[in-house]
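The working numbering applies: residue 577 is where the sequence shown begins, and numbers increase by one. In this text, a Cβ means the ideal position worked out from N, Cα and C, and glycines have one as well. Notes follow once the structure below has been shown.
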Amino acid sequence: TARRQWTLDVAQGWLQTHRVWIGDVRASLDWTFARDGDIELGASLVLETLQLWIGLGLIPEFFRYAERALDALAQRGGDEKLLEMRLSSAIGHAIYEMGVNPSLTPTMVRSFESALRLASELGDARQEVRALFGQCAGHVGTGEYAEVFPLANRFLEIGGKLPDMPINLLYNRCCGIASMMMGRVAEAERHLAAALDDPGISNRANIHEGFDFDPLLLMKNVRARLLWMKGFPVQSMAAVRDIFVDGLTVV
């Protein structure tokens, strides 16, 4: 429940209270991955402290611990599909957030594919949606924009059974960004309008394991870019200023 209710407007206060514990988290993780440690506990701790790593700007360090946890689970064997799925998804998103580079692109793609496979095996529709959304992000990061649309259609179909997830908003976000990047301005504007009209955009909650952009700020960014692409630089810069003003209210 706490994770679903996490919003950007409470992030700074939470971070100031908990940032002092990052040293204890590191020490705990080093113990859990030692010879006599508890690998499952370590993997869970990596995931449950994700918001702290992100808030402190330590995504590369989180990425290393997440990879270490996933490797440790694989070497130990057993059946920890839920942990493996969440770690795989987090690793993919971490690579995306660090800035996709050629050396890590295969790992990002593999991670999202693994998360989707495990979600399907678990029969977890919510995690399938998250994994497909992650794949959409990955394809945007690698410039494979046309690949976004069939993935978005898949999670739109699956997510229709999940009334508590903003499926239509996620769909229009993904398709709007992909359309914009492909230069399909009219199509991007249709998705932008649908996203901005979606009631879910007013909920500034983060639902993707801590890795997500504020939906309203993201779509305002798309609007500013589309205005620039259409040859309206003054209006585009005004939209950018609006983004900064709005952004300052949630940090």
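Query, Result
"Within the stretch 793 to 818, ranges of the alpha helix (DSSP H) (whole runs, at least 4 residues)", "none"
"CA-to-CA distance, residue 666 to residue 764, given in whole angstroms", "28 Å"
"Residue 742, buried or exposed, once every other Cβ within 10 Å from all chains shown has been counted against 16", "buried"
"Residue closest to residue 641, alpha-carbon to alpha-carbon, out of 773, 656, 663 and 689", "663"
"Local conformation of residue 670 per DSSP, three classes", "helix"
"Beta-carbon spacing of residue 591, residue 615 below 8 Å", "no"
"Collapsed DSSP secondary structure at residue 616 in the structure displayed", "helix"
"Residue 821 (DSSP reduced to helix, strand or coil)", "helix"
"Residue 697 versus residue 659: straight-line alpha-carbon distance, rounded", "13 Å"
"Delimiting residues of the alpha helix (DSSP H) encompassing residue 609", "No alpha helix (DSSP H) contains residue 609, which DSSP labels as neither H nor E."
"Cβ pair residue 707, residue 695 closer than 8 Å", "yes"
"Coarse secondary structure for residue 760, derived from DSSP in three states", "coil"
"Contacts around residue 675, its chain only, beta-carbon distance under 7 Å, and the 5 residues preceding and following it disregarded", "none"
"Identity of the residue in 683, 734 and 709 nearest residue 723 by Cα", "709"
"Cβ distance (whole Å) where residue 771 is taken to contact residue 777 below 8 Å", "6 Å"
"Residue 816 beta carbon less than 8 Å from that of residue 753", "no"
"Of the listed residues 721, 627 and 613, nearest to residue 645 (C-alpha basis)", "613"
"Spatial distance of residue 598 from residue 737 (CA atoms)", "38 Å"
"Own chain partners of residue 717 with C-beta closer than 6 Å, once the 5 adjacent residues on each side are dropped", "672 and 676"
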